[in-house]
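Peer 1:
Number of protein chains: 2
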Amino acid sequence: MAKLYVVGFGPGGYEHMTVKAVRAIEGADLIIGYTAYVEMLKAAFPDKIYLSTPMTKEIDRCRLAVEKTMAGLNVALVSSGDSGIYGMAGIVLQVADQIQAPVEIEIVPGVTAASAAAAVLGAPLMHDTALISLSDLMTPLDLIMKRVSCVAQADFVICLYNPKSKKRKDYAAQAAALVMEHRSAQTPVGIVRHAGRDGQQTVITELGKLAEADIDMFSIVIIGNSRTYVKDGKMITPRGYQL
Amino acid sequence: MAKLYVVGFGPGGYEHMTVKAVRAIEGADLIIGYTAYVEMLKAAFPDKIYLSTPMTKEIDRCRLAVEKTMAGLNVALVSSGDSGIYGMAGIVLQVADQIQAPVEIEIVPGVTAASAAAAVLGAPLMHDTALISLSDLMTPLDLIMKRVSCVAQADFVICLYNPKSKKRKDYAAQAAALVMEHRSAQTPVGIVRHAGRDGQQTVITELGKLAEADIDMFSIVIIGNSRTYVKDGKMITPRGYQL
Numbered sequence: 004m005a006k007l008y009v010v011g012f013g014p015g016g017y018e019h020m021t022v023k024a025v026r027a028i029e030g031a032d033l034i035i036g037y038t039a040y041v042e043m044l045k046a047a048f049p050d051k052i053y054l055s056t057p058m059t060k061e062i063d064r065c066r067l068a069v070e071k072t073m074a075g076l077n078v079a080l081v082s083s084g085d086s087g088i089y090g091m092a093g094i095v096l097q098v099a100d101q102i103q104a105p106v107e108i109e110i111v112p113g114v115t116a117a118s119a120a121a122a123v124l125g126a127p128l129m130h131d132t133a134l135i136s137l138s139d140l141m142t143p144l145d146l147i148m149k150r151v152s153c154v155a156q157a158d159f160v161i162c163l164y165n166p167k168s169k170k171r172k173d174y175a176a177q178a179a180a181l182v183m184e185h186r187s188a189q190t191p192v193g194i195v196r197h198a199g200r201d202g203q204q205t206v207i208t209e210l211g212k213l214a215e216a217d218i219d220m221f222s223i224v225i226i227g228n229s230r231t232y233v234k235d236g237k238m239i240t241p242r243g244y245q246l
Numbered sequence: 004m005a006k007l008y009v010v011g012f013g014p015g016g017y018e019h020m021t022v023k024a025v026r027a028i029e030g031a032d033l034i035i036g037y038t039a040y041v042e043m044l045k046a047a048f049p050d051k052i053y054l055s056t057p058m059t060k061e062i063d064r065c066r067l068a069v070e071k072t073m074a075g076l077n078v079a080l081v082s083s084g085d086s087g088i089y090g091m092a093g094i095v096l097q098v099a100d101q102i103q104a105p106v107e108i109e110i111v112p113g114v115t116a117a118s119a120a121a122a123v124l125g126a127p128l129m130h131d132t133a134l135i136s137l138s139d140l141m142t143p144l145d146l147i148m149k150r151v152s153c154v155a156q157a158d159f160v161i162c163l164y165n166p167k168s169k170k171r172k173d174y175a176a177q178a179a180a181l182v183m184e185h186r187s188a189q190t191p192v193g194i195v196r197h198a199g200r201d202g203q204q205t206v207i208t209e210l211g212k213l214a215e216a217d218i219d220m221f222s223i224v225i226i227g228n229s230r231t232y233v234k235d236g237k238m239i240t241p242r243g244y245q246l
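Written out as structure tokens, the structure is:
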């Protein structure tokens with residue numbers, strides 16, 4: 004029976020894909036994804052058949068994936084990072100349930116953007132971390148900012164997904180202002196653009212300067228906790244071991 | 004020049020390792036890790052040379068890795084999950100800095116336990132998530148519980164690492180009680196033991212029953228947010244798309 008694999012292929016570079024992701028993509032009759040992700044995969048898997056849909060067409064993409072699987076094709080529905088963290092796993096399960104599709108679905112986990120960015124910066128995620136998306140397409144802005152404020156208070160490392168877009172120019176600055184109510188303006192902040200793939204760029208700055216930093220929708224922002232420090236260009240959140 | 008790779012090899016099964024993790028392990032002259040992790044790797048890489056140290060000897064393990072690299076060996080310092088999330092990345096950078104070791108260190112990110120567990124449960128991490136370790140070896144219990152309380156208030160999905168040990172029998176129950184101050188006792192909770200490796204076991208229960216659940220140090224506990232639901236045995240946190 005045909006099967007639908009929901010594949011998180013990691014940050015983008017072939018080397019960061021899991022063995023299972025590679026096998027699911029190689030074994031698929033059809034690979035479906037958002038246009039930009041499909042382009043990333045074509046370099047590593049040039050001979051496969053791809054179908055891509057634009058960014059805002061998540062539900063159409065999932066329906067297509069389910070329907071093609073029902074028609075007998077083995078499908079890999081791909082997204083970057085981990086398909087289970089702000090990825091396609093949820094929508095595809097919901098769509099399959101809605102149309103009562105008798106297809107077997109397997110979620111293939113991958114390296115999420117937070118992990119890819121952290122590896123480049125040093126070791127900022129050694130302690131409790133909150134993952135927050137600044138996209139307000141699906142979430143009211145006041146809930147997003149309440150979350151930022153709560154985790155700032157409890158000294159979490161904060162990892163911001165989707166920190167900026169054309170419509171959300173100053174959300175990262177708003178978030179920084181809220182965190183500074185509880186944390187010093189000198190708190191280290193790491194920004195990684197295109198983490199773990201071609202064009203990777205890294206900046207380590209300070210919370211007080213985040214508002215002026217160069218951030219876009221391909222960036223991940225990691226705000227350190229009260230004990231995070233920078234040494235020799237590496238951002239480190241200590242766990243508390245006595246060296 | 005010899006190099007030290009700090010490798011997160013994911014949940015444990017070979018298929019969940021990244022291509023880069025496999026290459027780093029295959030190319031290493033020496034693989035160093037905690038005894039239980041080394042045993043997991045021996046099945047996939049039987050012909051390599053391994054050195055293992057007990058669980059509480061993290062600093063000794065990192066020193067050994069740095070010293071062996073300085074002596075000219077290519078070393079893979081391994082841990083399960085992502086080396087950058089509650090992993091060895093931080094300590095090894097600190098140790099190398101302390102002894103001013105002139106070694107090149109590369110952090111190889113992997114699939115963290117939250118991602119591995121989520122993939123098995125369905126799609127519980129589709130929205131903002133807090134990662135909290137319940138181990139109080141390095142962190143005061145009151146700070147841990149403050150963090151639980153703050154993220155419960157702001158309706159985060161909560162992923163508990165290290166939820167139990169011989170000395171910490173009731174911390175998960177304490178955490179559940181705090182979350183219930185803000186969330187219904189019927190909130191779905193997923194527990195995955197040995198996620199993504201041999202012996203995997205999954206239970207989906209409710210927040211009000213977490214205190215009686217069978218949890219151990221190999222478990223990951225994921226507490227849903229106020230909108231998380233269970234359907235056909237899958238735990239799903241909706242993102243807000245209109246189907």
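Quick note, the sequences are listed as chains D and L, same order.
Going from the first sequence to our numbering is simple: count from 1 and add 3.
Going from the second sequence to our numbering is simple: count from 1 and add 3.
All C-beta atoms, glycine included, are put in the ideal place defined by N, C-alpha and C.
(1) What separation, rounded to the nearest whole angstrom, lies between the Cα atoms of Gln245 of chain D and Ala120 of chain L?
(2) Along the alpha helix (DSSP H) that carries Thr115 of chain D, what are the first and last residues, could you check?
(3) In terms of alpha-carbon separation, which member of L:Lys212, L:Pro166, L:Ala176 lies closest to Arg196 of chain L?
(4) Using DSSP's beta-bridge definition, name the partner residues of Lys234 of chain L.
(5) Output, in chain order, the set of chain L residues within a Cβ distance shorter than 7 Å of Ile62 of chain D.
(6) Can you check DSSP and say which residues form a bridge with Pro191 of chain D?
(7) Is Ser229 of chain D close to chain L? Criterion is C-beta to C-beta, closer than 8 Å.
(8) Is Gly132 of chain D close to chain L? Criterion is C-beta to C-beta, closer than 8 Å.
(9) Provide the residue span of the alpha helix (DSSP H) that contains Lys6 of chain D, from first to last.
(10) Distance, Cα to Cα, Thr21 of chain D vs Val233 of chain L?
(11) Would you mind stating whether Val9 of chain D and Ser86 of chain D have Cβ atoms separated by less than 8 Å?
(12) At the 8 Å Cβ level, is Met20 of chain D part of the contact set with chain L, yes or no?
(13) I'd like to know whether the C-beta of Tyr17 of chain L is nearer than 8 Å to at least one C-beta of chain D.
(14) What is the rounded straight-line gap between the Cα of Glu70 of chain L and the Cα of Gln156 of chain D?
(15) I need the DSSP call for Ile62 of chain L, collapsed to helix, strand or coil.
(16) Going straight from the alpha carbon of Leu181 of chain L to that of Cys162 of chain L, what length do you get?
(17) Around the Cβ of Glu247 of chain D, are there at least 16 other Cβ atoms within 10 angstroms (buried) or fewer (exposed)?
(18) Do Ala31 of chain L and Lys51 of chain L come within 8 Å of each other at the CB atom, strictly closer than that value?
(19) Would DSSP call Gln204 of chain D helix, strand or coil?
(20) Exposed or buried, what is Met4 of chain L when buried is set at 16 or more other beta-carbons lying within 10 Å of its beta-carbon?
(21) Start and end of the alpha helix (DSSP H) containing Ser152 of chain L?
(22) Kindly indicate which three-state DSSP category Gly199 of chain L falls into: helix, strand or coil?
(23) Within 10 angstroms of the Cβ of Ala116 of chain D, are there 16 or more other Cβ atoms? Answer buried if so, exposed if not.
(24) For Met58 of chain D, count neighbouring Cβ atoms within 10 angstroms of its own Cβ and tell me buried if that reaches 16, exposed if not.
(25) Beta strand (DSSP E) containing Ala133 of chain D: first to last residue?
(26) Against chain L, with Cβ distances strictly below 8 Å, would Leu76 of chain D count as a contact?
(27) Using a Cβ-Cβ cut-off of 8 Å, state whether Gln97 of chain D counts as contacting chain L.
(28) Shortest alpha-carbon distance to Arg200 of chain L belongs to which of L:Lys6, L:Ile28, L:Ala39?
(29) Can you tell me where the beta strand (DSSP E) holding Tyr37 of chain L begins and where it ends?
(30) Mind pulling the chain L residues with CB within less than 9 Å of Val114 of chain D?
(31) Once you ignore the five residues that flank Glu107 of chain L on each side, which residues in its own chain have a CB closer than 6 Å to its CB?
(32) Grab me the residues of Ala133 of chain D's own chain with a C-beta within less than 6 Å of its C-beta, minus the 5 sequence neighbours each way, in chain order.
Peer 2: Here's the rundown:
(1) As a first step, residue 245 of chain D is located in the first sequence; it is residue number 242 there, counting from the start. As a first step, residue 120 of chain L is located in the second sequence; it is residue number 117 there, counting from the start. When rounded, the distance between both Cα atoms is 31 Å.
(2) As a working note, residue 115 of chain D is residue 112 in the first sequence. Unbroken run through Thr115 of chain D: none, as it is neither H nor E.
(3) Position 193 of the second sequence holds residue 196 of chain L. Nearest C-alpha to Arg196 of chain L: L:Pro166.
(4) Start at 1 with the first residue of the second sequence, and residue 234 of chain L comes out as number 231. Paired residue(s): L:Lys237.
(5) Translated into positions along the first sequence, residue 62 of chain D becomes position 59. Under the 7 Å cutoff, chain L gives Tyr244, Leu246.
(6) Sequence index remark: in the first sequence, residue 191 of chain D carries index 188 (1-based). In DSSP, Pro191 of chain D forms a bridge with D:Glu209.
(7) On the first sequence, residue 229 of chain D is found 226 positions in, with the first residue counted as 1. So, not an interface residue.
(8) Locating residue 132 of chain D in the first sequence gives position 129, where the first residue counts as 1. For the sequence presented, residue 132 of chain D should be read as Thr rather than Gly. Closer than 8 Å: yes.
(9) Stepping through the first sequence from its first residue, residue 6 of chain D is reached at position 3. Element bounds for Lys6 of chain D: not the alpha helix (DSSP H) but the beta strand (DSSP E), 6 to 11.
(10) Numbered from its first residue, the first sequence carries residue 21 of chain D at position 18. Numbered from its first residue, the second sequence carries residue 233 of chain L at position 230. About 28 Å.
(11) Locating residue 9 of chain D in the first sequence gives position 6, where the first residue counts as 1. Locating residue 86 of chain D in the first sequence gives position 83, where the first residue counts as 1. Contact: yes.
(12) On the first sequence, position 17 is the one that residue 20 of chain D refers to. Yes - at least one Cβ of chain L is within 8 Å of the one on Met20 of chain D.
(13) As a working note, residue 17 of chain L is residue 14 in the second sequence. Cβ-Cβ to chain D under 8 Å: yes for Tyr17 of chain L.
(14) Your numbering for residue 70 of chain L matches position 67 in the second sequence. Your numbering for residue 156 of chain D matches position 153 in the first sequence. Their backbone Cα atoms lie some 40 Å apart in a straight line.
(15) Start at 1 with the first residue of the second sequence, and residue 62 of chain L comes out as number 59. It is helical.
(16) To locate residue 181 of chain L, count along the second sequence from 1; it is residue 178. To locate residue 162 of chain L, count along the second sequence from 1; it is residue 159. Spanning the two alpha carbons is a distance of roughly 14 Å.
(17) Since the first residue shown for chain D is 4 and the last is 246, residue 247 of chain D is missing from the structure and cannot be characterised.
(18) Taking the second sequence and counting its residues from 1, the one referred to as residue 51 of chain L is at position 48. Taking the second sequence and counting its residues from 1, the one referred to as residue 31 of chain L is at position 28. Result yes, Cβ atoms of Lys51 of chain L and Ala31 of chain L sit closer than 8 Å.
(19) Here the question's residue 204 of chain D lines up with position 201 in the first sequence. Residue state, collapsed to three classes: strand.
(20) The count along the second sequence starts at 1 and reaches residue 4 of chain L at position 1. The residue is exposed, with fewer than 16 neighbouring Cβ atoms inside 10 Å.
(21) Numbered from 1 along the second sequence, position 149 holds the residue referred to as residue 152 of chain L. Note, Ser152 of chain L: alpha helix (DSSP H), 144 to 156.
(22) On the second sequence, position 196 is the one that residue 199 of chain L refers to. Three-state DSSP puts Gly199 of chain L in coil, outside helix and strand.
(23) Numbered from 1 along the first sequence, position 113 holds the residue referred to as residue 116 of chain D. By the neighbour-count rule (16 or more Cβ atoms within 10 Å), Ala116 of chain D is buried.
(24) On the first sequence, residue 58 of chain D is found 55 positions in, with the first residue counted as 1. Exposed is the call here.
(25) In the first sequence, counting from the first residue as 1, residue 133 of chain D sits at position 130. Unbroken beta strand (DSSP E) run through Ala133 of chain D: 132 to 136.
(26) For the purposes of this step, residue 76 of chain D is identified with residue 73 of the first sequence, where counting begins at 1. Chain L, which has no Cβ nearer than 8 Å to the Cβ of Leu76 of chain D, makes this no.
(27) Along the first sequence, read from residue 1 onward, the residue named residue 97 of chain D stands at position 94. Answer yes: the Cβ-Cβ gap between Gln97 of chain D and chain L drops below 8 Å somewhere.
(28) Here residue 200 of chain L refers to the residue found at position 197 of the second sequence. Checked all of L:Lys6, L:Ile28, L:Ala39; the closest Cα to Arg200 of chain L is L:Ala39.
(29) Locating residue 37 of chain L in the second sequence gives position 34, where the first residue counts as 1. Segment 33 to 37, the beta strand (DSSP E) holding Tyr37 of chain L.
(30) Your numbering for residue 114 of chain D matches position 111 in the first sequence. In chain order: Gly11, Gly13, Thr21, Asp85, Pro112, Gly113, Val114, Thr115, Ser118.
(31) Within the second sequence, the letter at position 104 stands for residue 107 of chain L. Taken in chain order, the residues that qualify are Lys6.
(32) Residue mapping note: residue 133 of chain D aligns to position 130 of the first sequence, counting from 1. Same-chain partners within the cutoff: Val154, Phe159, Ile161.
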